[in-house]
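Worksheet: the structure to be examined is printed underneath.
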Amino acid sequence: MNRALIVSLRFPPINAPDLHRVRHSLPHFEACGWEAEVWRVKPDVVERERDPLLVDTVPDDAAVRTVDALDPDWTRLLGLGSVALRSLPFYYWQGTRRLARGDVDLVYFSTTAFPVTILGRYWKQRFGVPYVIDVQDPWHTDYYVGKPPEEQPPKFWFSYRLNKYLEPVAMRGVDGIISVSQGYCDTLQERYDNITPDMCTVIPFGAADVDFEVMEGSGVTQPFVDPDDDTIDVVYAGRGGYDMATAARGIFQALAKGRDERPSLFGLVQMHFVGTSYAPAGEGEKTIEPIAEEYGVADAVTECTDRIPYFQSLRLLRDANHLIIPGSEDPDYTASKLYPYILSRRPVLAVFNQNSSVVDILRDTQAGTAVTFNGATTSDDLAQRVVEAWTPMLERLPYTPDTDWDAFQPYTAEAMTRRQVEVFDRVVSS
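Under my numbering, think of the first position of the sequence shown as 479, with each following residue one higher.
Okay, structure coming up:
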C-alpha cells in the first residue's frame with residue numbers, strides 16, 4: 479500500500495474552510511490503496527476559531543502528526559501573522575527527518591497556506607518524492623491589483639509580492655495539480671511551461687452526511703434564527719467581500735422590488751448573513767449590510783461578521799426556512815460550502831457568475847435554483863431574474879427540495895477521494 483504525507487496546516491479542532499477536503503477524505507483513502515499521514519500545525523498557535531466537534535468526524539485510527547510554529551503573540555509584533563510562514567521552518571525540519579526514512583511515496587499539500595508548498599520542491603530534489611498541490615483558491619492573483627485599498631485583502635502589498643516570488647518556486651517542480659476550478663488550472667498552465675493539461679484535475683470538495691449526523695447528535699444550537707417564528711428566515715453562512723457586490727446588489731434590489739410588488743410575501747423575509755469576515759472577532763468589516771442600505775432593505779438584513787463554529791453553522795442552515803448563496807464576480811470562484819447547503823435539505827437560491835461550477839452542480843442535482851450573471855449583466859436585469867426565481871420558492875415554503883440524490887453521488891466525499899487517488903496513482907507511476 480502506498481503512503482501519502484498530507485500537509486494540512488489547519489486541521490481539527492481548528493475550524494477553517496481549507497481543512498475539509500482532507501477531513502472528508504481520510505475515511506476513504508485506505509480502501510483506495512493509500513495510507514494517509516496528516517501533518518498539521520499545533521492548534522494552540524493557529525489563529526482560527528475552534529470547533530471541537532470536528533474531531534469527532536476524524537477516524538480514531540487516523541495518523542495525525544503535529545508540528546510547531548512561531549508564537550503569533552510574538553511574531554505579530556513584527557507584523558507577521560501568516561501560519562504558513564510561522565510554521566515553515568518546523569515543517570522543513572520535521573518533514574525532512576520524516577522523508578529521510580524512505581517510506582513516503584507522495585507529498586500532498588492540501589491547504590490555502592500556500593508558502594509551505596515550496597518545501598515540496600526541496601523534498602523532491604533531495605529524496606525523489608513527487609508532490610501534488612491542491613489549489614483551493616488562487617495563490618498569486620492580479621484580481622485585487624488596482625482596486626481601492628479598502629477592497630484589497632490585509633497587507634496586500636506584501637502578500638502580492640511574496641506570492642509572486644514563491645509561487646514559481648513551488649509550481650516549477652510540481653508533479654500534479656488538483657483544483658476546485660478549471661480556471662485556476664488554466665492560469666497555472668499559462669504561467670508555467672512545465673504544467674500541462676494532463677497534470678491538472680478539477681475535483682470539487684466532497685460532501686459528507688456524517689457532519690449533519692454529528693450535528694444532530696450533539697445538541698448544538700444557534701442564536702440567529704427562531705425556526706418557530708412567523709418570519710421567513712433566509713440564511714447565508716460564509717464569507718462576504720467586495721467581490722460579491724454584484725450578487726448582493728441583485729439580491730437586495732430584488733428584495734426591494736418584491737416588497738413593493740408582493741409585500742405580503744416579501745415583507746416576511748428576514749435575511750441573515752453570518753460569518754462574513756476572517757478578521758478576529760469584533761474586528762470584521764461589514765460588506766453586505768451597506769449594500770442592503772443602498773436599496774432600502776437594511777431593516778430586513780442582518781450581517782454578523784464574526785465566524786461561528788462549523789457545526790453551529792450547520793445547525794443554522796437546518797433551522798433556516800430557505801438558504802441563499804451570493805457568488806463572487808470571479809468566474810473561477812466555487813463555493814466549497816455548497817454541499818452542506820444541499821445536504822441541509824433546505825431550498826437554495828444561488829446568484830453566481832455563469833461560469834462557476836456551482837451553477838452546473840445545482841442544475842445537475844436539482845437541489846436548488848441558480849440565477850447567473852456575467853460582465854455585461856445590468857443590475858436591473860439581474861434583480862428581475864432573481865425576483866422571478868425567488869418568488870415561487872417563497873410561495874412554496876415550507877418544502878424540501880426534490881434533489882436527485884443519484885446525480886449527487888459523484889459529489890460525495892467517497893467519490894471525490896477516489897478521484898484524488900487516481901491523481902496520486904498517476905503521479906507515482908510516472
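Where is the CB? At the ideal position from N, CA and C, for every residue including glycine.
Since this is a predicted model, take the numbers as computed values, not measurements.
Excluding the 5 residues flanking residue i on each side, which residues of the same chain have their C-beta closer than 7 Å to its C-beta?
i: LEU563; result: PRO593
i: ASP706; result: none
i: LEU548; result: ARG564
i: LEU821; result: ALA685, ASP687, PHE690
i: ARG793; result: MET693, VAL698, THR699, GLN700
i: ASP721; result: SER806, GLU807, ASP808
i: LEU566; result: PRO593, VAL594
i: ILE596; result: LEU644, VAL647, ALA648
i: THR895; result: SER503, HIS506, PHE507, CYS510, GLY684
i: MET871; result: HIS800, PRO825, LEU827, THR847
i: VAL837; result: PHE830, ALA848, THR850
Spatial neighbours of residue i within its chain, please: C-beta separation below 6 Å, excluding the five flanking residues on both sides.
i: ARG823; result: THR878
i: GLN630; result: TYR622
i: GLU892; result: HIS506
i: GLU668; result: none
i: LYS987; result: The requested residue 987 is not part of the displayed model; the chain covers only 479 to 908.
Determine the direct distance from the alpha carbon of residue j to that of residue i, and round the result to whole angstroms.
i: TYR714; j: PRO550; result: 31 Å
i: PRO682; j: GLU739; result: 39 Å
i: VAL693; j: VAL536; result: Sequence check: residue 693 is Met here, not Val. MET693 and VAL536: Cα-Cα distance of roughly 14 Å.
i: ASN480; j: GLU763; result: 46 Å
i: ALA723; j: ASP797; result: 26 Å
i: ARG604; j: PHE830; result: 44 Å
i: ASP676; j: PRO505; result: 27 Å
i: PRO530; j: PRO521; result: 11 Å
i: TYR670; j: ASP711; result: 47 Å
i: GLN614; j: SER659; result: 8 Å
i: ASP664; j: TYR756; result: 28 Å
i: VAL680; j: GLY697; result: 36 Å
i: THR709; j: TRP868; result: 16 Å
i: THR590; j: ASP704; result: 35 Å
i: PHE751; j: VAL864; result: 18 Å
i: GLU513; j: GLY853; result: 45 Å
i: VAL585; j: PHE902; result: 9 Å
i: ASP546; j: VAL519; result: 6 Å
i: ASP882; j: LEU840; result: 10 Å
i: GLY736; j: THR812; result: 28 Å
i: MET749; j: TRP571; result: 49 Å
i: ARG528; j: VAL561; result: 15 Å
i: VAL500; j: PRO741; result: 46 Å
i: GLN844; j: ASP884; result: 11 Å
i: ARG904; j: ASP842; result: 28 Å
How should residue i be labelled, buried or exposed, when 16 other C-beta atoms within 10 angstroms of its C-beta is the threshold for buried?
i: ARG727; result: buried
i: GLU767; result: buried
i: LEU875; result: exposed
i: THR699; result: exposed
i: GLU873; result: exposed
i: LYS625; result: exposed
i: THR765; result: buried
i: PRO818; result: buried
i: PHE636; result: exposed
i: ALA759; result: exposed
i: TRP552; result: exposed
i: ALA848; result: buried
i: VAL486; result: First, the residue type needs correcting, since residue 486 is Ser and not Val in the sequence shown. SER486 comes out buried.
i: ASP880; result: exposed
i: ALA578; result: exposed
i: GLN790; result: buried
i: ASP538; result: exposed
i: GLY695; result: exposed
Thinking just about the alpha-carbon of each residue, which of the options is nearest to the one in residue i?
i: TYR889; options: SER835, PRO870, PHE851; result: SER835
i: VAL523; options: ASP496, GLY511, PRO491, SER503; result: PRO491
i: TYR569; options: TYR600, ASN833, PRO495, LEU532; result: TYR600
i: ASP534; options: SER588, ASP884, PHE507, HIS502; result: HIS502
i: GLU515; options: ASP581, GLN790, THR850; result: ASP581
i: ARG785; options: GLY716, LEU483, ILE656; result: GLY716
i: ILE656; options: VAL899, SER907, LYS602; result: VAL899
i: THR544; options: ASP838, PHE489, ASN493; result: PHE489
i: ALA541; options: CYS678, GLU525, TRP517; result: TRP517
i: LEU860; options: PHE702, ALA885, ASP842, GLN832; result: GLN832
i: ILE769; options: GLY719, LYS602, ASP612; result: GLY719
i: LEU483; options: PRO495, ARG575, THR674; result: ARG575
Give me, in chain order, the residues of the same chain whose beta-carbon lies closer than 8 Å to that of residue i; leave out the 5 immediate sequence neighbours on both sides.
i: VAL623; result: TYR638
i: TYR773; result: ARG727, PHE730, GLN731, LEU733, ALA734
i: ARG650; result: ARG599, TYR670, ASN672
i: LEU640; result: PRO593
Quick one: is residue i near chain D, going by C-beta distance under 9 Å?
i: ARG528; result: Note that chain D does not occur in the displayed structure, where there is just one protein chain.
Is there contact between the region 772 to 789 and the region 803 to 810, where contact requires at least three CB pairs shorter than 8 Å?
no
Would you call the region 602 to 619 and the region 553 to 562 in contact, with 3 or more CB pairs under 8 Å?
Not touching, per the Cβ criterion.
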